[in-house]
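Peer 1: Residue 192 in the working numbering is what sits at position 128 of the sequence shown, and the numbering runs on without skipping anything.
Glycine included, every Cβ here is placed at the ideal spot set by N, Cα and C.
Please read all numbers here as calculations on a predicted model, not as lab measurements.
Here it is: the structure, laid out below.
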Amino acid sequence: HVLLIGSITIMMLVGLGMVLGNMLSGRISGRYSPLRIAAVTDFIIVLALLMLFFCGGMKTTSLIFAFICCAGLFALSAPLQILLLQNAKGGELLGAAGGQIAFNLGSAVGAYCGGMMLTLGLAYNYVALPAALLSFAAMSSLLLYGRYKRQQAADTPVLAKPLGQITVTVRVAYCRMRRERLIRPTRFWHIL
């Protein structure tokens, strides 16, 4: 049923998803952390793959979710590379190379698992199940990493602020409270 639509059209749609996913990831990378972008993107990929499994018989719906899945895969690439480089202090080149190795290994494992579904004689939509499971494992790993980083940050002692920063902080808070009429102006403003 896929050949009726045209293989070239499908490849163009998937390629457009890849380009737009990469552009979207770049656009939102200034607003959100790479970890958040990667975890949310992985969640979207899991949902798209599950919908591909359940809606595999519907041509148009399958193409929409294939587009979303490919957009997510390319949106995921840059945040994961950034996370790798942030955690490879002193070995950035090795970290970047390791990232490419991991992507290639993931492609090979995914192709093997998808091929096993076809070898078992299952329908084409079953190829999405191991992919969803592997994407869920990746998302879970990202969430565990985020939890580890938060615990690590909570265990790190906070250094005292220099006196100049405290003065600026108090001054900004005073102006904000005064603007919102929570306090009255005083003649002691000059000490801040």
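1. In whole angstroms, give me the CA-to-CA distance for Gly154 and Gln164.
2. Taking Leu116 as the reference, give the member of Asn189, Leu208, Tyr212 with the closest Cα.
3. Taking the CB atoms as reference points, tell me whether Phe129 and Ala102 lie closer together than 7 Å.
4. Taking contact to mean at least 3 C-beta pairs separated by less than 8 Å, is the segment 131-143 in contact with the segment 92-109?
5. Can you grab the Cα-Cα spacing for the pair Ala175 / Ala166, in whole Å?
6. With distances taken from CA atoms, which of Pro194, Gly179, Gly79, Gly178 is nearest Gly136?
7. Mapping the DSSP letters down to three states, classify Ala217 as helix, strand or coil.
8. Alpha helix (DSSP H) containing Cys133: first to last residue?
9. How close, in whole Å, do the beta carbons of Gly85 and Phe138 come, if the pair is a contact with beta carbons under 8 Å?
Peer 2: Let me spell this out:
1. On the sequence shown, position 90 is the one that residue 154 refers to. On the sequence shown, position 100 is the one that residue 164 refers to. Rounded to the nearest angstrom, the two C-alpha atoms are 18 Å apart.
2. The count along the sequence shown starts at 1 and reaches residue 116 at position 52. Of the candidates Asn189, Leu208, Tyr212, the one whose C-alpha sits nearest the C-alpha of Leu116 is Asn189.
3. Walking along the sequence shown from the start, residue 129 turns up at place 65. Walking along the sequence shown from the start, residue 102 turns up at place 38. No; because the gap between Cβ atoms is not below 7 Å, this pair is not in contact.
4. Yes: at least three Cβ pairs fall under 8 Å.
5. Taking the first residue of the sequence shown as position 1, residue 175 is located at position 111. Taking the first residue of the sequence shown as position 1, residue 166 is located at position 102. For Ala175 and Ala166, the distance between alpha carbons rounds to 14 Å.
6. Indexing the sequence shown from 1 puts residue 136 at position 72. Nearest option by C-alpha distance: Gly79.
7. Counted from its first residue, the sequence shown places residue 217 at position 153. Reduced to three states, the DSSP call for Ala217 is helix.
8. Locating residue 133 in the sequence shown gives position 69, where the first residue counts as 1. Note, Cys133: alpha helix (DSSP H), 123-150.
9. Sequence index remark: in the sequence shown, residue 85 carries index 21 (1-based). Sequence index remark: in the sequence shown, residue 138 carries index 74 (1-based). Right, the Cβ-Cβ distance comes to about 4 Å (below 8 Å), so this counts as a contact.
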